[in-house]
Amino acid sequence: MNNKNLEKDLECVGSFSILKASLRERCQQE
């Protein structure tokens, strides 16, 4: 496994978690 790929995966996971959080907030507001 390449460290670069790992870093990319971590970035994707981080952005996904942020997206999920914002989506959850939107759903709760509605």
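Each residue of the sequence shown is one higher than the one before, counting from 15 in my numbering. Heads up, the beta-carbon is just placed ideally off N, CA and C, and yes, glycines get one too.
- Distance from the CA of Arg-38 to the CA of Phe-30, rounded to the nearest whole angstrom, comes to 12 Å.
- DSSP places Asn-19 within a helical segment (H, G or I) once states are collapsed to three.
- Pairing Glu-25 with Arg-40, the inter-Cα distance amounts to about 23 Å.
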